[in-house]
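Below is one structure, written out as structure tokens; the observations come after it.
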Amino acid sequence: MSVMAELERSGQAFVLVTVVDIAGSAPRHTGAKMVVTADSTYGTIGGGAVEKETIEAARGALASGEPRLMEFTLTPEATGMACGGAMKIFLDPVNVTPTLYIFGAGHVGCALADFAAKTSFRVVVVDSRSEWATAARFPGAAEILTGDCVETAKNLQSSPGDYIVILTHSHALDQVVLAAVLEKEYRYLGLICSKKKKVIIFNNLEKAGKSRNLLEKVHAPIGLEINSETPEEIAVSILAELILVRRGGKS
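For the record, in the sequence shown the residue sitting at position 158 is 157 according to numbering that gives the first Met the number 0, with numbers rising by one throughout.
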């Protein structure tokens, strides 16, 4: 598809939809393809309810960055289609760059933003201290937000494929920001803290009504254990964990 080449050249994110298997009668053959972007579609895999559901799922894959295999039974009861066969459809996101929200423009945040931008994360830095959150310190950031951190966290419109890292200049602020983003959508949520501080913060938030199940999803202490000490080493340990999660591993 020439449209794919154009989208790849422009760096626009899209999902390549491919019919990978059929059984019996189906509207399209194995290998049929369609391209789905955030606001357009190109080609068809047969129309009807199957295509409608596939497009919706593809838009979800754009947000999450996750490939997906879908299976359909082509009966009136299952899909409103009377073909009588079955289809397997693979969704493959392309050019999807996840957003990394870094709450905290200190030394670790600065190093992390630099490393993350070089490994295909779209970096957004959040810090109310405008003298710290500057373009000079964060040349690779796509956005730098210097309003109130807590309000930014409360109003954050994150997606299921986004990454959120909390490493502000105070533990008290870390706790408030964590409370504000805990119920947001995300792929990864991490908090810089010691094991002792984690217990204190989690207990405080649970007493305030936050779900223990949600708290257990938070990566805390943040980063892989590599005996890091300097801001740059800590940033490497955090980025390593982000990449591990991005590639489907578990930390």
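All C-beta atoms in this analysis are idealised placements derived from N, C-alpha and C, irrespective of residue type, glycine included.
For Gly108, three-class secondary structure by DSSP: Here residue 108 refers to the residue found at position 109 of the sequence shown. Reduced to three states, the DSSP call for Gly108 is helix.
Since Pro230 is in the alpha helix (DSSP H), which residue starts that stretch and which ends it? Here residue 230 corresponds to residue number 231 of the sequence shown, with the count starting at 1. Its alpha helix (DSSP H) spans residues 230-245.
Count the other CB atoms, across all protein chains shown, that sit within 10 Å of the CB of Ala77; report buried if there are 16 or more and exposed otherwise. Position 78 of the sequence shown, counting from 1, holds the residue named residue 77. Residue confidence for Ala77 is low, a pLDDT of 49 falling below 50, so the modelled location carries little weight and cannot support an answer.
Closest to Thr106 by C-alpha separation, out of Ile242, Pro230, Glu55, Arg246, would be which residue? Residue 106 sits at position 107 when you count from the first residue of the sequence shown. The amino acid at residue 106 is misidentified as Thr; the sequence shows His. Of Ile242, Pro230, Glu55, Arg246, the residue nearest in Cα terms is Pro230.
Cβ pair Val35, Ala57 closer than 8 angstroms: Sequence index remark: in the sequence shown, residue 35 carries index 36 (1-based). Sequence index remark: in the sequence shown, residue 57 carries index 58 (1-based). Closer than 8 angstroms, so yes.
Would you call Asp38 buried or exposed, if buried means 16 or more other Cβ atoms sit within 10 Å of its Cβ? Locating residue 38 in the sequence shown gives position 39, where the first residue counts as 1. The residue in question, Asp38, is exposed, as its Cβ has fewer than 16 Cβ neighbours within 10 Å.
Which value, in whole angstroms, describes the spacing of the CA atoms of Tyr100 and Ala116? In the sequence shown, counting from the first residue as 1, residue 100 sits at position 101. In the sequence shown, counting from the first residue as 1, residue 116 sits at position 117. Cα to Cα, Tyr100 sits roughly 12 angstroms from Ala116.
Taking 8 angstroms as the CB-CB cut-off, is Phe137 touching chain C? This model lacks chain C altogether; it includes just one protein chain.
Candidates Glu142, Arg211, Ser169: which alpha carbon is nearest Val149's? As a first step, residue 149 is located in the sequence shown; it is residue number 150 there, counting from the start. The shortest Cα separation from Val149 among Glu142, Arg211, Ser169 belongs to Ser169.
Beta-carbon contacts of Arg121 that lie in its chain and below 6 angstroms, excluding the five residues immediately before and after: By 1-based counting over the sequence shown, the position of residue 121 is 122. Excluding positions up to five away in sequence, the list reads Thr96, Thr98, Ala141.
Cβ shell of Gln11 (< 7 angstroms), same chain only, five flanking positions each side left out: What you label residue 11 is simply residue 12 of the sequence shown in a count that begins at 1. Hits under 7 angstroms: Thr36, Asn94.
Given a cut-off of 8 angstroms on the beta-carbon distance, is the pair Gly46 and Pro26 in contact? The sequence position of residue 46 within the sequence shown is 47, counting from 1. The sequence position of residue 26 within the sequence shown is 27, counting from 1. Yes, Cβ-Cβ distance for Gly46 and Pro26 is below 8 angstroms.
According to DSSP, is Asp147 part of a helix, a strand, or is it coil? Within the sequence shown, the letter at position 148 stands for residue 147. Three-state DSSP puts Asp147 in coil, outside helix and strand.
So if DSSP puts Asp20 in a beta bridge, which residue, or which two residues, is it bridged to? On the sequence shown, position 21 is the one that residue 20 refers to. Answer is Lys87.
Please list, in chain order, all residues of the same chain as Gly79 whose beta carbon is under 6 angstroms from its beta carbon, the five residues on each side excluded. Locating residue 79 in the sequence shown gives position 80, where the first residue counts as 1. With a pLDDT of only 49 at Gly79, under 50, the local geometry of the prediction cannot be trusted, and no value is derived from it.
Please determine, among Gly248, Thr145, Phe201, Glu182, the residue with the shortest C-alpha to C-alpha distance to Pro159. Here residue 159 refers to the residue found at position 160 of the sequence shown. Minimum Cα distance to Pro159 is reached at Glu182.
Identify every residue that forms a DSSP beta bridge with His218. Taking the sequence shown and counting its residues from 1, one reaches residue 218 at position 219. DSSP lists Gly189 as partners of His218.
Sort out for me which residues DSSP pairs Val164 with in a bridge. For the purposes of this step, residue 164 is taken as residue 165 along the sequence shown, with counting starting at 1. Answer is Ile101, Gly189.
Cutoff 8 angstroms; reference Leu214; Cβ partners in own chain excluding five residues on either side: Looking up residue 214 in the sequence shown gives position 215. Excluding residues within five positions, the ones whose Cβ falls inside 8 angstroms are Leu181, Phe201, Leu204, Glu205.
Return the CA-CA distance between Val19 and Leu61, expressed in angstroms with no decimal places. For the purposes of this step, residue 19 is identified with residue 20 of the sequence shown, where counting begins at 1. For the purposes of this step, residue 61 is identified with residue 62 of the sequence shown, where counting begins at 1. Rounded to whole angstroms, Val19 to Leu61 spans 20 angstroms at the Cα level.
Which value, in whole angstroms, describes the spacing of the CA atoms of Ala239 and Phe114? The residue you call residue 239 lines up with position 240 of the sequence shown. The residue you call residue 114 lines up with position 115 of the sequence shown. Each residue's alpha carbon lies about 10 angstroms from the other.
In the DSSP assignment, the beta strand (DSSP E) including Leu251 goes from what residue to what residue? Here the chain covers residues 0 to 250 and nothing more, so residue 251 does not appear.
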